[in-house]
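To start, the structure itself, in structure tokens.
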Amino acid sequence: MDVSTVLHDLNEAQREAVAAPTGNMLVLAGAGSGKTRVLVHRIAWYIETDQAMPYGILAVTFTNKAAAEMRGRIEVLLKKPAGGMWVGTFHGIANRLLRAHWQEAGLPESFQIMDNDDQYRTVKRVIRALELDETKYSPRELQWFINAQKDEGLRPQHINTSGDPEKAVLVRVYQAYQTLCDRGGMVDFAELLLRAHELFRDQKQILANYQSRFRHILVDEFQDTNALQYAWLRLLAGNGGSLFAVGDDDQSIYSWRGAQVENMMQFQRNFVDATLIRLEQNYRSTANILKAANTLIANNPSRLGKELWTDGEAGEKIDLYNAYNEHDESRFVIDRISLSRMKGDPYCHHAILYRTGAQSRIMEEALMHAGIPYKVFGGMRFYERAEIKDALAYLRLSVFNEDDSSFERIINTPVRGIGQRTLDELRERAKRENISLWQSALQILQDKTLPERALNALERFLKLILEMGVGIRDIHLGEAMERVVKTSGLIDHYRKEKGEKGQARIENLDELITAASEFDVSREEYSDMEPMAAFLGHAALESGETQAEAYTDFVSLMTLHAAKGLEFEDVYLVGLEEGLFPHQRSSNDPVQLEEERRLCYVGITRARKKLTITHAQHRRLHGSDYYPQASRFLAELPANVITEVRLGNHPAQVLSRKEQTSNMTSSSNGMNLGQRVVHAKFGEGVIITLEGQGNHARVQVNFEQAGRKWLVMAYANLQTAG
DNA sequence: TATCCGACCTTTTTT
DNA sequence: AGGTCGGATA
Numbered sequence: 089m090d091v092s093t094v095l096h097d098l099n100e101a102q103r104e105a106v107a108a109p110t111g112n113m114l115v116l117a118g119a120g121s122g123k124t125r126v127l128v129h130r131i132a133w134y135i136e137t138d139q140a141m142p143y144g145i146l147a148v149t150f151t152n153k154a155a156a157e158m159r160g161r162i163e164v165l166l167k168k169p170a171g172g173m174w175v176g177t178f179h180g181i182a183n184r185l186l187r188a189h190w191q192e193a194g195l196p197e198s199f200q201i202m203d204n205d206d207q208y209r210t211v212k213r214v215i216r217a218l219e220l221d222e223t224k225y226s227p228r229e230l231q232w233f234i235n236a237q238k239d240e241g242l243r244p245q246h247i248n249t250s251g252d253p254e255k256a257v258l259v260r261v262y263q264a265y266q267t268l269c270d271r272g273g274m275v276d277f278a279e280l281l282l283r284a285h286e287l288f289r290d291q292k293q294i295l296a297n298y299q300s301r302f303r304h305i306l307v308d309e310f311q312d313t314n315a316l317q318y319a320w321l322r323l324l325a326g327n328g329g330s331l332f333a334v335g336d337d338d339q340s341i342y343s344w345r346g347a348q349v350e351n352m353m354q355f356q357r358n359f360v361d362a363t364l365i366r367l368e369q370n371y372r373s374t375a376n377i378l379k380a381a382n383t384l385i386a387n388n389p390s391r392l393g394k395e396l397w398t399d400g401e402a403g404e405k406i407d408l409y410n411a412y413n414e415h416d417e418s419r420f421v422i423d424r425i426s427l428s429r430m431k432g433d434p435y436c437h438h439a440i441l442y443r444t445g446a447q448s449r450i451m452e453e454a455l456m457h458a459g460i461p462y463k464v465f466g467g468m469r470f471y472e473r474a475e476i477k478d479a480l481a482y483l484r485l486s487v488f489n490e491d492d493s494s495f496e497r498i499i500n501t502p503v504r505g506i507g508q509r510t511l512d513e514l515r516e517r518a519k520r521e522n523i524s525l526w527q528s529a530l531q532i533l534q535d536k537t538l539p540e541r542a543l544n545a546l547e548r549f550l551k552l553i554l555e556m557g558v559g560i561r562d563i564h565l566g567e568a569m570e571r572v573v574k575t576s577g578l579i580d581h582y583r584k585e586k587g588e589k590g591q592a593r594i595e596n597l598d599e600l601i602t603a604a605s606e607f608d609v610s611r612e613e614y615s616d617m618e619p620m621a622a623f624l625g626h627a628a629l630e631s632g633e634t635q636a637e638a639y640t641d642f643v644s645l646m647t648l649h650a651a652k653g654l655e656f657e658d659v660y661l662v663g664l665e666e667g668l669f670p671h672q673r674s675s676n677d678p679v680q681l682e683e684e685r686r687l688c689y690v691g692i693t694r695a696r697k698k699l700t701i702t703h704a705q706h707r708r709l710h711g712s713d714y715y716p717q718a719s720r721f722l723a724e725l726p727a728n729v730i731t732e733v734r735l736g737n738h739p740a741q742v743l744s745r746k747e748q749t750s751n752m753t754s755s756s757n758g759m760n761l762g763q764r765v766v767h768a769k770f771g772e773g774v775i776i777t778l779e780g781q782g783n784h785a786r787v788q789v790n791f792e793q794a795g796r797k798w799l800v801m802a803y804a805n806l807q808t809a810g
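In structure tokens:
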């Protein structure tokens, strides 16, 4: 292939980035500016100009999907497989490193990867073992705490509790959790990164080897990197390497899970020779859509700065519809989609994007009612399903008896008469003797410290696992999986579950057997792993992308977060209301508010041809009524690219009588939702929530001056106003 | 020991 | 409103 092919079809800024001399570079790539294209072409450029072999290139992404796409596009461009090149997620690459250097990393050879759910259960076990009050120390929060520490690269001993007894407890849980993980050879997601970082930091020889191998490192979505990922990259890049980082600070929407946009600013300080290139020409959206996006995001004070432009058409204006309520909103959206479809646009050109997952239901109902095919993205993934995790736990336990978390998961699934008493005894002894649950069970069987019944049940369980494990490492993965599913009793167990759910679970178990038989252990990235470890790692790290079946036409429904990186002809951005978007929990903090705005920016820039925004005057949420104000983001959009949609027939007339009456009903106190009231101290406001009856009735009022207050009707002495 | 009921909570999600 | 989780109950 000719080098010119690599530079062909690129704009000036893209070409500059692709053909820049080897060195550190930060590419500020706006939405739709050909970010992946630049990454892929940069790699091809290295190879075609003989600056690098595929063997010397490392490309890192955040999702498996992005990694797969990148690899695919590179191979298309090079017209050959890119053997020897590492393309993967941070976690996938960390896993690969740790499998190859498990000894130096201080891990057992076949360490297990825990997913979120495994981690949650383990944290919970630790809290119980430490006899802490679960209501005071919630497992969720502790899990979050532990991950936040790891994301910062902190081990328990590094954390300064500075005499804070509360924090000391958190650290104690972290410590106990880590001890438990280490004993069972369990590695959580953050631990993968932490160990990979420590490996490079502490093993100079290993680091030197990889530094001399990967002279060319490329990172996608750089704005999403956390402290640890960036530190790891810096170690690997060292002084002589070249780090090509592509990102967009305006699309940083994951700070709440540790991503640090500051890494982009930091990059230029850490790599003083680094060049900065901006990709601002947009190939996706119309000029009107870009104008809206640019104007909105300009309200964020802390940006690197960038303005998208296109040489394409202005396009249609953005439609804005103020719905009567959420049903009217969904009806409006679905009517529009039907109309568009009649004009010849397939359903798959349409996406409905929302802030919170709870908003999908109303849309789904309306779509179902209208008989429009749709798909909700971002539900439970294949390998996260209970039945799949059960089967994998059997597999793990049969291979590695000491795996406590698998033991806990399946000891009584299906129910086999092993109850709380037995479990307590098992845990108690395991803790006392500092042994695994399996060993604890063996001892109990020997000492007969439980009633006959329980002992029998326990013995049957151990025998089952032992028999299951005979020679299981030596047979094909598919056969192993089949044996596990067939002998575990899971099929019968799930057959008893009523409804279609049980049937679906059994089908999933069948699919798991298929997945195991078809799993390709010969892939290059698994070269340092045993087949079983490779498969289990795959199950944890690639929890089964919710992939659309090919050749089917459907409307896509997803959260704004899930929409990042995607594009659609027609985008419906729904629920643009204060409290919902920006979300209540972000509205009080300027930093979080900026992130909400970036989220809105992401949403707007998903649209190619047409953007429609909706908000409702009245919305039922978590069982109570809200009369939200329009989102502040609407006021930040330029008026000259917006068309306010007024329907010929007023929405209220479309409502059924039942809906009208239910919405008009006033409470027993003569107060209505949305009613303006006066309070002696707080002044004027609007009732936004009504709860309870008579003397117990409480209202939430949004006061113009004093903000939101909860008041008890019996004491508040509210007067109606306006 | 298994099942049922009610209290509680409710942003975003990848690995 | 709807799902989850833990405790109470049969």
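Heads up: the first sequence is residues 89 to 810, going by the working numbering. In this text, a Cβ means the ideal position worked out from N, Cα and C, and glycines have one as well.
Own chain partners of residue i with C-beta closer than 7 Å, once the 5 adjacent residues on each side are dropped
i	result
Arg-424	Thr-700
Phe-277	His-179
Leu-95	Arg-103, Val-106 and Ala-107
Gln-231	Gln-207, Tyr-208 and Val-211
Alpha-carbon spacing of residue i relative to residue j, whole angstroms
i	j	result
Tyr-435	Tyr-412	25 Å
Phe-607	Leu-565	8 Å
Val-464	Thr-647	9 Å
His-738	Leu-427	With a pLDDT of 43 at His-738, under the threshold of 50, the modelled position of that residue is not reliable, and no figure is offered here.
Tyr-318	Thr-602	38 Å
Phe-774	Leu-806	According to the sequence shown, residue 774 is Val rather than Phe. One C-alpha to the other measures close to 11 Å.
Gly-335	Ala-108	17 Å
Phe-150	Asp-308	7 Å
Ala-315	Ala-284	13 Å
Pro-244	Gln-705	49 Å
Gly-691	Leu-554	53 Å
Ser-121	Leu-98	11 Å
Arg-517	Glu-475	29 Å
Ala-809	His-767	10 Å
His-129	Gly-171	17 Å
Glu-453	Asn-204	30 Å
Ser-744	Ser-493	Legend: pLDDT at Ser-744 = 36, less than 50; position of this residue unreliable, no value from coordinates given.
Lys-255	Arg-720	37 Å
Glu-368	Cys-688	18 Å
Leu-287	Arg-271	19 Å
DSSP beta-bridge partners of residue i
i	result
Lys-405	Note: Lys-405 sits in no beta bridge, so no partner.
Met-442	The sequence as given places Tyr at residue 442; Met does not occur at that position. Tyr-442 is bridged to Thr-647.
Gly-667	His-671
Lys-842	Lying outside 89 to 810, the shown extent of the chain, residue 842 is not represented and no answer is given.
Ser-712	Leu-709
Leu-378	Leu-378 pairs with nothing; no bridge assigned.
Best match in the options for proximity to residue i [C-alpha to C-alpha]
i	options	result
Asn-370	Lys-379, Glu-630, Arg-130 and Leu-364	Lys-379
Arg-303	Ser-448, Leu-321 and Val-503	Leu-321
Lys-405	Val-774, Ala-695 and His-710	Ala-695
Ile-305	Ile-145, Tyr-715 and Lys-551	Ile-145
Glu-355	Ala-347, Ala-333, Ile-365 and Leu-511	The sequence as given places Phe at residue 355; Glu does not occur at that position. When only C-alpha atoms are compared, the closest one is Ala-333.
Tyr-298	Asp-337, Leu-324, Gly-467 and Tyr-442	Leu-324
Gly-432	Asp-658, Gln-705, Arg-734 and Gly-272	Asp-658
Arg-509	Ala-545, Glu-192 and Lys-589	Ala-545
Leu-654	Ala-132, Ile-563 and Ala-119	Ala-119
Pro-726	Asp-252, Val-259, Ala-375 and Leu-116	Ala-375
Phe-669	Phe-623, Thr-693, His-706 and Pro-716	Pro-716
Phe-199	Asn-183, Tyr-208 and Lys-212	Asn-183
Lys-238	Leu-268, Glu-732, Leu-280 and Ala-718	Leu-280
Tyr-482	Gly-505, Thr-575 and Arg-673	Thr-575
Rounded Cβ spacing between residue i and residue j (contact assumed at less than 8 Å)
i	j	result
Asp-478	Ile-498	6 Å
Glu-630	Asn-152	5 Å
Spatial neighbours of residue i in its chain, beta-carbon cut-off 8 Å, leaving aside the 5 residues before and after
i	result
Glu-585	Arg-593
Leu-550	Trp-526, Ala-529, Leu-530 and Leu-533
Val-257	Leu-220 and Tyr-225
Ser-330	Thr-110, Gly-111, Asn-112, Met-113, Arg-303, His-304 and Ile-305
Thr-383	Glu-724, Leu-725 and Pro-726
Val-259	Pro-244, Ile-247 and Thr-249
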